[in-house]
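Below is one structure; the comments refer to it alone.
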Amino acid sequence: MKISQRHAWTLSVEEAIAIQEQMQAEVITSDQLQQPVQYVAGVDMGFEADGTISRAAVAVLSFPELELQETSLARRPTSFPYIPGFLSFREIPAVLDALEKIKITPDLILCDGQGIAHPRRFGIACHLGVIVNIPSIGVAKSLLVGKHEELPDTRGSWQPLIHKGEIVGAVLRTRVGVKPVYVSSGHRISLPTAIDYVLRCTPKYRLPETTRIADKLASDR
DNA sequence: GCGACAG
DNA sequence: ATCTTGTCGC
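Be aware that the first sequence starts at 45, since it is given in the working numbering, and climbs by one per residue.
See the structure below:
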């Protein structure tokens, strides 16, 4: 798919904050998905050589069957350090390289990380979603910001994630007996709809099939 | 100033 | 994220 660069990726933290604040105005948290959703993509990262090389993997699955349709891999030098709150500046460049090679344009992208459950409401799922203009969801394995009540140990149960008085996402139990995941809107999707898609992409394990397959690709050497 | 802190 | 042995449970 064709991707148009929105800004440079070699920048200071101050410049990164400015970009986040500016682009966050473009984030849409209401449902604007292509119906029916036929293809769902998962994105994940891996690193080599002490983190100096970034590897991005994309897996496109059919929906709701969740059968693998296409994959893509990209490697490039890592150009930004890991700083909580600025993950997208470290990971998106390689992800865009991988997405450019894909033929099937996904209707929805599940990202490994937060959506609007972020200090400035602009996590990696928002950043990627806005750049490619495709609905996206943030599915993180741990908390960045916010707090929540305890969760029943039942698949599908969830609790709102609250940050500074706002509901920024949900803590969702995708499987009994394991830690929950943190779901938040990335772009062009509401929280209730995001929760629904995450559950439908998580038939067996804690993480979505999309990210599990992308993770396997990014790790396979 | 003191903690917290996606991957 | 990555480095790593054994161990628990289906």
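Idealized CB from N, CA, C, for every residue including glycine. Please read all numbers here as calculations on a predicted model, not as lab measurements.
Neighbour-count burial assignment, residue i, 16 or more Cβ in a 10 Å radius
i: L112; result: exposed
i: P224; result: buried
i: Y249; result: exposed
i: G221; result: exposed
i: I181; result: buried
i: V57; result: exposed
i: P125; result: exposed
Alpha-carbon to alpha-carbon, residue j and residue i
i: A60; j: C245; result: 32 angstroms
i: G230; j: Y241; result: 13 angstroms
i: P247; j: R164; result: 32 angstroms
i: R50; j: D197; result: 42 angstroms
i: R99; j: L152; result: 21 angstroms
i: D94; j: T122; result: 10 angstroms
i: S74; j: W202; result: 20 angstroms
i: A161; j: S228; result: 6 angstroms
i: L216; j: Y226; result: 6 angstroms
i: E135; j: R199; result: 30 angstroms
i: P179; j: G167; result: 14 angstroms
i: T96; j: L110; result: 33 angstroms
Of the residues the options, the one placed nearest residue i, counting alpha carbons only
i: L235; options: D156, G173, A214 and L131; result: A214
i: Q64; options: I97, A118, D75 and L131; result: L131
i: E193; options: K248, A118, L205 and V222; result: L205
i: R119; options: V104, L143 and E109; result: L143
i: I257; options: F166, I127 and G86; result: G86
i: N177; options: R134, R232 and F166; result: R232
i: A169; options: E70, Q78 and T54; result: E70
i: T54; options: L187, H171, P137 and P150; result: P137
i: I211; options: G159, H171 and T218; result: G159
i: Q78; options: T237, S263 and D264; result: T237
i: G129; options: A52, L105, T149 and G157; result: G157
i: P80; options: K191, L117, F91 and S106; result: S106
Close Cβ partners of residue i (< 6 angstroms) along its chain, the five nearest in sequence each way excluded
i: L140; result: I47
i: F133; result: A60 and F124
i: K145; result: S116
Rounded distance between the beta-carbons of residue j and residue i, thought under 8 angstroms
i: M89; j: V174; result: Not really, about 19 angstroms apart at Cβ, beyond 8 angstroms.
i: P252; j: V183; result: 6 angstroms
Close Cβ partners of residue i (< 7 angstroms) along its chain, the five nearest in sequence each way excluded
i: P108; result: R244
i: A103; result: A85, G86, L112, T115, T254, I257, A258 and L261
i: V148; result: It should be noted that the sequence gives Ile, not Val, for residue 148. Counting only Cβ-Cβ distances below 7 angstroms, and skipping sequence neighbours, we find Y83, V104, Q113 and E114.
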